Amino acid sequence: MRVCSFVSQRIKRSLQKDYSFATPSPLEDCRNSEEFRSIQLTLASLESPDISINFSTYASLLRFCRKAEALHEGQCVHRHIIKNGLHHDLHLVSLLVLMYTDCGAIDEAHNVFINSITHDEFFFTVILRAYARLDSPFLAFQTFEQMLQEGFLPNKGGYISIFTTCAKQLAVLQGKRMHACILATMFVSDIATNTALVTMYNRCRNTEYAKWIFENMGEVDAVIWNVMIASCLEQSQGEYALELFNSMRQQGVILSKVTVIHVLDACGSQMALARGLQLHSIMMGSEFEADLMVQTALINMYGNCGSVRYAEMVFERVKSKDEVIWSAMVAVYSQSGQVHNAVQMFDKMLQEGMVSNKFVVSSILSGCAELRVPIEGKQMHARMSASGFTLDGAVRNALISFYGKTSSLKDAWKAFHMTLEPDMVSWNAIIAVCAEHGRLDSACQVFSQLLQQAMLVDKAGFISVLSACANQAALSEGKRMHAWVTCSGFDGDLNLDNALANMYGKCGQLHHMCNIFNCMSEKNLVTWNTLIGVYAQHGRDKEALQLFEEMQETGIAPDRLTFTSVLSACATQGALAEGKRIHEIFRSRGYEPDQIVGSSLVSLYGKCGSLTEAKEVFNSVPEQDVVIWNALITAFSQNGYGEQVLELFNTMQKSNIKPTGVTFISVLSACSHVGRIDEAWHNFLTMQVCYQIEPVVDHYNCMIDLLSRAGRLDDAEYLLDIMLSEPTVASLMTLLGACRKELDDVRGERIAEKVFILDPKSPSPYVMLSNIYASVGRMDDALGLMKLMRDRDILFEPGDSMSSLFDEETNAELYEVYSEANVCII
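If you count the sequence shown from 1, position 721 lands on 721 in the UniProt record's numbering, and the numbers rise without skipping.
Here it is in structure tokens:
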């Protein structure tokens, strides 16, 4: 999960303010000046019929009205210009358009244009800029066509305006037409024009065109480098963004604050800690070290890379902290699982006189929700209520998600009803909670309620419902939602296509998932992760690994989730060489193993018998959790190292890691391998009494195997009888084998009867019981059993032989029994 997205958004908004094209003069100072009062007096005198004014005075008046954004005064000047018959002068008309544009009066600017008799290239450029700035794309495109029809070609300003409009409207076809006009007229593009063109293609997600233009530009500056890097981040191409940054440095381009912040964001998105550290070292001693926005971006980057310690170091070094940097640190703690520290930081923030904001509160509530820690979240809610904190939409929605994940669906609904007029985000939040609780009926009911209220369901709402449909039982409802998506005009949306692919994949409909994937015009990291993960979960490991290669060929860099899925596929395949290669790719991208990827690596090396590598990976993870401990213990257990498993288990407990049911399966299996009966009983009981873990079939199987090997058949059969679930064939056959060893024919009959019911077509229990009968001299019963096999049409599998099925001691006698019974052997 990305740390503190709102911090990134605030940084970007600040950057946009720093590089805006707005007039730098403060309006209030301008309007309160003596010059403005003098202008007002001049305008008042214009009403006199005796006053005559020359062209240059009109121009000066319009420029000042533009500067002061004085619409009323500008309209007075306009009326006087018309009165004196100068309203067809191109220079004055252009100044009028500029004045109305700066005052935000698009209709007045348009009226000036349509009432003008003559036009020239400059005037067309002015009006195109006006339409672009005031978000009137239709008028901009229409005017551009008129310009061409009148025989005028745009200049640099005209092209920049039209490309800006195309970028805002995602009008790539119109943009390509403008681009073709540049090429056809041999217009010499400069850096500013190319920057606008590259921005347009990037915004319209035609990245190949943007890259081609960028790579073929004769001259580039820091601005276009920043445009390319920022575009890569918007399209989840963080790896390419970092490559651009390296090229930028090699060409000696001076780093700007914009560049540094974008690249830190790229390092965070790719979890490329090593590269982030490298950039941080470059900034040491520079002006960036004292820049709050850069320091906030550093904290954000370290948080996304999972390095809380480095984030803390940056935070502590900042002398004058603002609200944003405090919020960033709270978010780092919240989303790294350190909710207690997040709350403490929140308290310190208030003590320092900072104002509590919705972003910080939402961040803490989200952290509590993800970690399923209800106490801290409820305390935060109580604080908000006691202090009179305004529950705006973001906080209410965070509360809905928090109660949905940590409490009951009922509590989530209570949080939802705190909103008198819930917005679409609130509805989406409650739909998501219903989905998480597995209540597809409730999610669909909310969806239907939205339709009845004539509310337009947005993309997030569809994504939440599709998430609820992501299981085999909900396939028909998922298909219905797919139809709704298409009818609502969202067909082809990237995020919805990802949700649909995930839904079909989780439902086992891999062909539908592939159809959606193949029809997608654009694919991002989520798309590839969805397919790779689904294939790995369904045992289609070769396809998962093949998709991993295709993904890299497209230039999309894998993240930790990708590596987790492909390493799991390698483990299932036992593909040690491929797993090592992927591990090396992981390291080459500057990643350090965390608990999740580390667990996948430990499992891979464990299943392939490389326990030394498994232990090395385990030791390289800074903070081991129960998942990676289980992976290591299971690795040693699967390879038959029972003593080491028990040692690791003791070390795990001393490290205050609470074991799970998976842990005890490996521990009991190890006890079985080394014959530790008393220790097995102790752990079996400790699991239930101390850790409240109810034993499942695998736990019973381990115990039955151990007790059967030790000849303690009474205890083994007792465990079979008290199992809450149906015993498995494996458990019963283990005990049946022990009955043969102990010559316990009576117990063997009881156990065999149970196997006959569970696996009626298997010859193994019949053969095993025949061995027991023969061993105790009950040849008549052995003969009757063979006849029973014949009556039930139970045949040997192809390739079975007498010697492989019967004991050596009884083989000859039983062969005679089989011959006499005339049992068909295939």
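Ideal placement from N, C-alpha and C gives every residue a C-beta, glycine not left out. None of the values given here were measured: they were computed from a predicted structure.
Under a three-way DSSP split, which group does residue i fall into?
i: Lys580; result: helix
i: Gln509; result: coil
i: Gln595; result: helix
i: Ile657; result: coil
i: Phe152; result: coil
i: His87; result: coil
i: His110; result: helix
i: Asp800; result: The pLDDT assigned to Asp800 is 45, lower than 50, so where the model puts this residue is not dependable; a value taken from the coordinates is nonetheless given after this. In the structure shown, Asp800 sits in coil (DSSP, three-state: anything other than H, G, I, E or B).
i: Leu456; result: coil
i: Gly252; result: coil
i: Pro763; result: coil
i: Phe78; result: For clarity, residue 78 is His in the given sequence; the question names Phe instead. DSSP places His78 in helix when its eight states are reduced to three.
i: Ala230; result: helix
i: Lys741; result: helix
i: Leu724; result: coil
i: Glu28; result: Summary for Glu28: the model assigns pLDDT 47, below 50, so the residue's position carries little reliability; its value from the coordinates is reported in the next sentence. Three-state DSSP puts Glu28 in a helix.
i: Val700; result: The question names Val, but residue 700 in the sequence shown is Tyr. It is helical.
i: Cys608; result: coil
i: Lys523; result: coil
i: Pro558; result: coil
Please report the distance separating the alpha-carbon of residue i from that of residue j.
i: Ser448; j: Asn495; result: 22 Å
i: Met384; j: Ala412; result: 17 Å
i: Phe359; j: Ala394; result: 8 Å
i: Ala474; j: Gln509; result: 12 Å
i: Phe618; j: Ile628; result: 7 Å
i: Gln688; j: Ala398; result: 36 Å
i: Ala483; j: Leu244; result: 41 Å
i: Ser401; j: Lys378; result: 13 Å
i: Thr101; j: Ser136; result: 12 Å
i: Cys507; j: Ile431; result: 19 Å
i: Ser327; j: Ile224; result: 31 Å
i: Ile532; j: Gly609; result: 25 Å
i: Val776; j: Asp745; result: 8 Å
i: Val220; j: Ile191; result: 6 Å
i: Gly489; j: Leu576; result: 46 Å
i: Gln537; j: Thr199; result: 39 Å
i: Lys67; j: Gly276; result: 44 Å
i: Ala109; j: Ile127; result: 8 Å
i: Met802; j: Ser764; result: Because the pLDDT at Met802 is just 42, under 50, the model does not fix this residue reliably, and the value given afterwards should be weighed accordingly. The alpha-carbon atoms of Met802 and Ser764 are separated by roughly 12 Å.
i: Lys658; j: Tyr691; result: 8 Å
i: Cys103; j: Ala311; result: 44 Å
i: Met450; j: Val457; result: Inspection of the sequence shows that residue 450 is occupied by Leu rather than by Met. For Leu450 and Val457, the distance between alpha carbons rounds to 7 Å.
i: Ala680; j: Ala752; result: 26 Å
i: Glu208; j: Ala266; result: 20 Å
i: Lys17; j: Val258; result: Its pLDDT being 45, under 50, Lys17 is placed unreliably by the model, and nothing is read from it.
i: Ile299; j: Glu316; result: 11 Å
In terms of residue numbering, what span does the alpha helix (DSSP H) encompassing residue i cover?
i: Ser464; result: Lys459 to Ala468
i: Met786; result: Met779 to Asp791
i: Val324; result: Glu323 to Gln335
i: His340; result: Val339 to Gln351
i: Met313; result: Val308 to Arg317
i: Tyr58; result: Phe55 to Ala68
i: Ile431; result: Met424 to Glu436
i: Phe636; result: Val626 to Gln638
i: Thr686; result: Ile677 to Val689
Name the residue from the options whose alpha carbon lies nearest to the alpha carbon of residue i.
i: Ser770; options: Lys787, Asn155, Asp759 and Lys754; result: Lys787
i: Ala557; options: Leu242, His179 and Lys615; result: Leu242
i: Ser588; options: Val294, Ala272 and Ala132; result: Ala272
i: Gly574; options: Glu550, Gln546 and Asp541; result: Asp541
i: Thr612; options: Gln595, Glu623 and Tyr641; result: Tyr641
i: residue 842; options: His91, Leu134, Ile106 and Lys67; result: Not covered by the structure: residue 842. The range shown for the chain is 1 to 826.
i: Ile772; options: Gln251, Gly748 and Lys658; result: Gly748
i: Thr564; options: Val597, Tyr591 and Leu547; result: Val597
i: Phe141; options: Asn155, His119, Arg177 and Ser116; result: Arg177
i: Asp793; options: Ala782, Tyr766 and Asn54; result: Tyr766
Where in the segment 260-301 do unbroken runs of the alpha helix (DSSP H), each at least 4 residues long, occur, reported from the N-terminal end onward? 273-283
Ordered list of alpha helix (DSSP H) runs contained in the segment 184-231, each at least 4 residues: 191-203 and 207-215
Taking only runs of the alpha helix (DSSP H) that begin and end inside the segment 121-186, which ones reach a length of at least 4 residues, in chain order? 121-133, 137-149, 156-169 and 172-184
Could you name each continuous alpha helix (DSSP H) segment of 4 residues or more that falls completely within the segment 349-416, going from the start of the chain to the end? 358-371, 374-386 and 393-406
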